[in-house]
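Novice: Take a look at this one; I'll ask things after.
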Amino acid sequence: MMSKKKVAILGSGIAGLSYAYYLKKYKPDVEFVILESSSKSGGLVFSEITEGCVFEWGPRGVRPNGNGQVVLEMIEELGLWDELVFANDQAKKRYLYHDGKLQVLPHSLRSFMTSPYLGLFLKAFYKDLGAKKIDEDETIAAFVDRHFGASFRALFFDSLVSGVWAGDVTKMSVSAAFPILKKLESKRGSLLRSLIGHKSSISDSKQYPKEFTSKALFSFKKGLQSLTDALNDVLSDSIQHDVAIEKIDFSDQVEIHFEDASICVDELVSTLPAHQLSAFVKPDLARVLDSIFYAPVAVLNLILPKSELSFDGFGFLVPSKEQSVVLGMVANSNTFPSHAAPNKSVYTVMMGGARYSEEDLNAMDLEKEAIAFLNGVFGKSLFIDNQELILMSRAIPQYELGHVEKVRKIASLSPEKLSVLGSYMYGVSLIDIISKSKELAGQSFD
Ligand SMILES: Cc1cc2nc3c(=O)[nH]c(=O)nc-3n(C[C@H](O)[C@H](O)[C@H](O)COP(=O)(O)OP(=O)(O)OC[C@H]3O[C@@H](n4cnc5c(N)ncnc54)[C@H](O)[C@@H]3O)c2cc1C
C-alpha cells in the first residue's frame, strides 16, 4: 500500500488557511500540518469588537464580483452565509481630498457628466487614443503618463495605488500590479480601443446573482476575521500554533527543525512573508526574497458619536502631491452600518506607506497628525469617543519594477520540494490569494 503524502504549510494567514482548505477538499489523500509562529490564525486578517463596534486592523472588505465569487463560494461551503454583510450603496461614492477640499469621484454616468474632473478625463481619454504599445515593463507612473497624462496620474492612479498597496506609482511595476493594463495595451496600444469587445474572464466558481455581485464589497457581521476563524475551526486538528522553526533541510525529503524536535515531510508550502522565509533558504534565494520591500502602514481606528460628522461616502484618498502622512480615511460604518454600535460611527485613517520608513513613522505623533488632518478636512474640531492605533512595520509587499522577474526567480531558485505562496507572489488582495490557493491546491501532488 502507498503511504500518504505528507505536506507542511508554513503560516496560517489567509494564504496558508485557504491553501490548506482546498488541499483538504481536493486532495483528501494528502496529510498536512500547518505551522504558525503566533498564538492565533489569520495573520493580517484581524478584527476586534471595541465598545460594540468592529475595528478592522487589516483588510476590511472583499469585492463580490468577478473572482470575488470564489470567496463567496468558500463562505457558502463554510456555512458562513448568514454572517455576511453587503456594503450599503453609499459605499459606491468615493472622494479625493486635495487642494483644500473633498471632491467626489465619478461613480455613475450622471456624476461623470457633472464632475469637476470631466475636462481632465476627456483630455486623458483623447491622449490614450494615440498611445503606442511598449513591450518592456515600466513603472505605473510611466505607463499612465503615456496613456493619460501626468495630471491624471497624479490624482487618480497615485491615490488608487496608495489605497490598495500604500504604494508609490513611481516605483511600482505596471506589469506586476496591473497585468490587465499591459495585456490590454498589447492588443491595440490604446486602452480604450482595446476595451472594445473585451470580455473579462469569468471566475472558476459558482456564479452568484446580481443582488450580491452588484454590491461594492462584503464583510461579516463581526468583521472579516469571521472568515479566517471559520477556516481555523475547520482545519484546527492540523494547525500547530506558537511553533519556532529553527532550520529547514531540503533533500529527498524536507526536515523541519524546532528547538527540541523535528518533523519530516515530503513537500513544503511556504506562505510566510518573504523576509521570514529568507531565513530558511540558501543565500541566492534569500537575496531575492529580502529585496522585496514591505511598506509600513499605521492604522488608526476611531469611534465618534454618529451626530459628530455628516459624511456620506465610502471614504476619501489623499494624493501624494498633498505631502501628507495620511493616505486616506474609510468611513466603515457608512459601508457596513452594522459595524457601529447604535448612535456611533466608525472611521479608519491609514497612514504611511511606501514613501515613509518605519523610523519616520515612529518619530511622528501619528494620532495627533491624523486628527489634525481630519479636523482640517471637515472644518471642525471632532469629538472622538475612542481611538486606537497600530503601526505595522512591514504591512504590504511592494511590486516594484522588476517584480515579475523576482517572482520567476523565486520559483526557479526554490528547492524542488518547496512551493512559495503569499501576498508577494500572485497578488495582495484576499481574492487573488484565495483564487491562487484554489488553483494550486487543485493541481498539487498529482
Ligand atoms: C492595513 C491593510 C489593509 C488591507 N486591506 C485589504 C482589503 O481591504 N482587501 C483585501 O483584499 N486585502 C487587503 N489587504 C491585503 C491582505 O490583507 C494581505 O495581503 C493578506 O492578508 C496577506 O495574507 P498572507 O497569508 O499572505 O500573509 P499574512 O497574513 O502575513 O500571514 C502570514 C502568517 O505567517 C506567520 N508567520 C510569520 N513568520 C513565521 C514563521 N517564521 N513560522 C511560522 N509562521 C510564521 C504569521 O504569523 C502569519 O500568520 C490589506 C493589508 C493591510 C496591511
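Residue 1042 in the numbering used here is what sits at position 93 of the sequence shown, and the numbering runs on without skipping anything. Cβ coordinates follow ideal geometry from the N, Cα and C atoms, glycine included.
If you measure between the beta carbons of residue 1127 and residue 1013, is that distance less than 9 Å?
Specialist: Cβ atoms of residue 1127 and residue 1013: not closer than 9 Å.
Novice: Starting from the C-beta of residue 1243, find all residues in its chain whose C-beta is less than 6 Å away, skip the five residues before and the five after it, and write them out in chain order.
Specialist: 1343, 1346.
Novice: Would you mind giving the Cβ-Cβ distance between residue 1104 and residue 1047, rounded to the nearest angstrom? I have them listed as a contact below 8 Å.
Specialist: With a Cβ gap of about 7 Å, residue 1104 and residue 1047 count as contacting.
Novice: Measure from the alpha carbon of residue 1272 to the alpha carbon of each residue in 1329, 1318, 1260, then state which is nearest.
Specialist: Measuring from the Cα of residue 1272, the nearest candidate turns out to be 1318.
Novice: Cβ of residue 1353 within 9 Å of Cβ of residue 968?
Specialist: The answer is no: Cβ separation not under 9 Å.
Novice: Give the secondary structure of residue 1292 by DSSP, where H, G and I count as helix, E and B as strand, and everything else as coil.
Specialist: Residue 1292: coil per DSSP, three-state reduction.
Novice: Could you give the residue range of the alpha helix (DSSP H) that holds residue 1338?
Specialist: Element bounds for residue 1338: not the alpha helix (DSSP H) but the beta strand (DSSP E), 1335-1346.
Novice: Are the CB atoms of residue 1108 and residue 1045 nearer to each other than 9 Å?
Specialist: Their beta carbons are under 9 Å apart, which means residue 1108 touches residue 1045 by this criterion.
Novice: Residues bridged to residue 1283 by DSSP?
Specialist: Partner(s): none; residue 1283 has no beta bridge.
Novice: With H, G and I counted as helix, E and B as strand and the rest as coil, what does DSSP make of residue 1332?
Specialist: If DSSP states are grouped into helix, strand and coil, residue 1332 belongs with coil.
Novice: Hey, which unbroken runs of the alpha helix (DSSP H) at 4 residues or more fall wholly within the segment 1167-1197?
Specialist: The segment 1167-1197 contains these whole alpha helix (DSSP H) runs: 1174-1184.
Novice: Give the secondary structure of residue 1298 by DSSP, where H, G and I count as helix, E and B as strand, and everything else as coil.
Specialist: In this structure, residue 1298 counts as strand in the three-state DSSP scheme.
Novice: So, at 8 Å on beta carbons, what are the nonlocal neighbours of residue 1265 in its own chain, with the 5 sequence-adjacent residues on each side left out?
Specialist: Closer than 8 Å at Cβ, skipping near neighbours: 1043, 1044, 1045, 1046, 1051, 1277, 1278, 1326.
Novice: Quick check: the Cα distance between residue 1394 and residue 978, rounded to an integer number of angstroms?
Specialist: Roughly 10 Å between the two C-alpha positions.
Novice: Drop a sphere of 10 angstroms on the beta-carbon of residue 1396, count the other beta-carbons inside from all chains shown, and report buried for 16 or more, exposed for fewer.
Specialist: Residue 1396 lies beyond the residue range present for the chain, which begins at 950 and ends at 1395; the question has no answer from this structure.
Novice: What are the uninterrupted segments assigned as beta strand (DSSP E) that are 3 or more residues long and contained completely in the segment 972-1053, given in chain order?
Specialist: Here the runs fully enclosed are 980-984, 996-999, 1002-1005, 1033-1035, 1043-1047, 1050-1053.
Novice: With respect to the beta strand (DSSP E) encompassing residue 1264, which residues constitute its N-terminal and C-terminal limits?
Specialist: Note, residue 1264: beta strand (DSSP E), 1264-1266.
Novice: From which residue to which residue does the alpha helix (DSSP H) around residue 1232 run?
Specialist: Where residue 1232 is concerned, the enclosing alpha helix (DSSP H) stretches over 1232-1239.
Novice: Report the three-state DSSP secondary structure of residue 1199 (helix, strand or coil).
Specialist: Reduced to three states, the DSSP call for residue 1199 is strand.
Novice: At the level of alpha carbons, what is the spacing between residue 1001 and residue 1161?
Specialist: Their Cα atoms are separated by approximately 26 Å.
Novice: How far does the beta strand (DSSP E) with residue 1243 in it reach, from first residue to last?
Specialist: It spans 1243-1254 - the beta strand (DSSP E) in which residue 1243 sits, taken as one unbroken run.
Novice: Along the chain, where does the beta strand (DSSP E) that runs through residue 1118 open and close?
Specialist: Careful: residue 1118 lies outside any beta strand (DSSP E) and carries neither H nor E.
Novice: Hey, could you find the ends of the alpha helix (DSSP H) residue 1125 is sitting in?
Specialist: Looking at the DSSP string, the run of the alpha helix (DSSP H) that includes residue 1125 is 1123-1126.
Novice: Kindly indicate which three-state DSSP category residue 1258 falls into: helix, strand or coil?
Specialist: DSSP places residue 1258 in coil when its eight states are reduced to three.
Novice: Does residue 1162 come out as helix, strand or coil in the three-state DSSP assignment?
Specialist: Residue 1162 falls in the helix class under three-state DSSP.
Novice: Rank 1387, 1336, 1304, 1323 by C-alpha distance to the C-alpha of residue 1119 and give the top, closest one.
Specialist: If we check each option's Cα against that of residue 1119, 1304 comes out closest.
Novice: Answer yes or no: the CB of residue 1220 versus the heavy atoms of ligand 1, is any distance below 8 Å?
Specialist: True, at least one ligand heavy atom lies under 8 Å from that Cβ.
Novice: Among 1169, 1122, 1016, which one has its Cα closest to the Cα of residue 1036?
Specialist: The shortest Cα separation from residue 1036 among 1169, 1122, 1016 belongs to 1169.
Novice: Could you say which of 1356, 1026, 1377, 1376 lies nearest to residue 1368 if we only look at CA atoms?
Specialist: Minimum Cα distance to residue 1368 is reached at 1356.
Novice: Assuming residue 1319 is part of the beta strand (DSSP E), what are its boundary residues?
Specialist: Residue 1319 -> not in any beta strand (DSSP E); alpha helix (DSSP H) instead, spanning 1315-1327.
Novice: To which residues of the same chain is residue 1189 closer than 6 Å at the C-beta, ignoring the five residues directly before and after it?
Specialist: The residues are 984.
Novice: Going by other Cβ atoms of all chains shown within 10 Å of its Cβ, with 16 needed for buried, is residue 1236 buried or exposed?
Specialist: Its Cβ having fewer than 16 others within 10 Å, residue 1236 is exposed.
Novice: Note down, in chain order, each residue of its chain lying with its Cβ closer than 7 Å to the Cβ of residue 1015, except the 5 sequence neighbours on either side.
Specialist: For residue 1015, where only same-chain residues beyond five positions count, the Cβ hits under 7 Å are 1149, 1152.
Novice: Cβ atoms of residue 1025 and residue 1281: under 9 Å apart, would you say?
Specialist: No; because the gap between Cβ atoms is not below 9 Å, this pair is not in contact.
Novice: How many angstroms separate the CA atom of residue 1370 from the CA atom of residue 1386?
Specialist: Answer to the nearest angstrom: the Cα atoms are 8 Å apart.
Novice: At a cut-off of 8 Å, is residue 959 close to ligand 1 when judged by its beta-carbon and the heavy atoms of the ligand?
Specialist: Because some heavy atom of ligand 1 lies under 8 Å away, the Cβ of residue 959 counts as near it: yes.
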